[in-house]
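Okay, structure first, notes after.
Put into structure tokens, the structure is as follows:
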């Protein structure tokens with residue numbers, strides 16, 4: 001597992017602004033900071049790809065550069081994943097994209113939490129590298145359910161799961177319940193989940209803060 005804020009960097013500023021209840025009133029900045037963290041994590045993930053030397057002709061000479069053998073498929077979880085995904089899309093500008101819609105069904109406690117999947121569309125994922133993008137890895141249930149549904153018919157070569165903030169419970173749930181090969185990339189790991197399965201200290205509801213409260 002890669003944790004971005006294990007080392008001091010400008011990412012700490014972006015995380016602080018995302019968490020700050022006063023600055024959260026600025027939706028544009030909130031989305032921008034999700035995008036920025038997406039760019040940073042995308043760059044880190046790119047280091048794991050396989051590269052091949054290619055010849056590139058400049059105005060003065062020819063040179064060899066290492067270029068990716070294959071471009072990934074980006075799969076944001078709607079709707080909260082969209083700003084985070086924009087950052088990945090700027091780094092992986094030749095990537096294909098799929099979409100998964102998921103939301104928490106009405107529940108009274110974390111133990112009763114269930115996830116409803118409402119929408120899914122992707123290109124063929126067989127033998128491809130997937131980057132599944134969701135800003136908050138809370139219980140981990142929606143991520144496992146989404147990936148199991150996504151991979152029912154075809155198997156990717158590898159799955160990268162990217163989140164801005166993760167709870168230890170979500171990290172453990174993935175480890176215990178996701179049989180597919182995956183790597184986890186997060187900007188920060190927080191303390192715990194509360195009784196409503198929200199990450200503490202967290203930042204609140206990333207979808208609502210990005211786009212407004214839903215019905």
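Residue numbers (UniProt numbering): 1 to 215. We treat Cβ as the ideally placed atom computed from N, Cα and C, and that holds for glycine. If you're wondering where the values come from, they're calculated on a predicted model, not measured in any experiment.
Item	Value
Based on DSSP bridge pairs, tell me the residues matched to residue 183.	160
Where does the unbroken alpha helix (DSSP H) through residue 91 begin, and where does it stop?	81-91
Considering just the uninterrupted stretch of the beta strand (DSSP E) at residue 64, what are its terminal residues?	62-68
How is residue 120 classed by DSSP in three states: helix, strand or coil?	strand
Could you give the residue range of the beta strand (DSSP E) that holds residue 51?	51-57
Just to check my reading of the structure: residue 87 and residue 147 have Cβ atoms closer than 8 Å, yes? What is that Cβ distance to the nearest angstrom?	That pair is no contact at about 21 Å.
I'd like to confirm the pairing. Which residues does DSSP put opposite residue 30 in its beta bridges?	In the DSSP output, where bridge partners are listed per residue, residue 30 has none listed.
Please report how far the alpha carbon of residue 116 lies from the alpha carbon of residue 102, in whole angstroms.	6 Å
Sort 28, 23, 124, 142 by Cα distance to residue 154 and report the nearest one.	124
Nearest CA to the CA of residue 205: which residue from 4, 13, 183, 25?	25
Quick check: the Cα distance between residue 6 and residue 151, rounded to an integer number of angstroms?	31 Å
Under the three-state reduction of DSSP, which class applies to residue 101: helix, strand or coil?	strand
In the structure shown, what three-state DSSP assignment does residue 16 receive?	helix
For my contact list, residue 19 and residue 211 are in at a C-beta cut-off of 8 Å; report their separation, rounded to the angstrom.	About 18 Å; that fails the 8 Å criterion.
Taking the beta strand (DSSP E) that residue 21 falls in, what are its first and last residues?	Here residue 21 belongs to no beta strand (DSSP E), and DSSP marks it neither H nor E.
Scan the stretch 129-161 and note each continuous beta strand (DSSP E) run of 3 residues or more that stays entirely inside, going in chain order.	129-133
What does the alpha-carbon distance come out to for the pair residue 213 and residue 118?	19 Å
Report buried or exposed for residue 57, applying the criterion of at least 16 other Cβ atoms within 10 angstroms of its Cβ.	exposed
For residue 36, list the residues DSSP reports as bridge partners.	BP columns for residue 36 are empty, so no partner.
For residue 78, does the three-state DSSP call read helix, strand or coil?	strand
Could you check whether the Cβ of residue 206 sits closer than 8 Å to any Cβ belonging to chain D?	Of the protein chains in this structure there is only one, and it is not chain D.
Please return the same chain residues whose Cβ sits closer than 6 Å to the Cβ of residue 178, not counting the five positions on each side in sequence.	144
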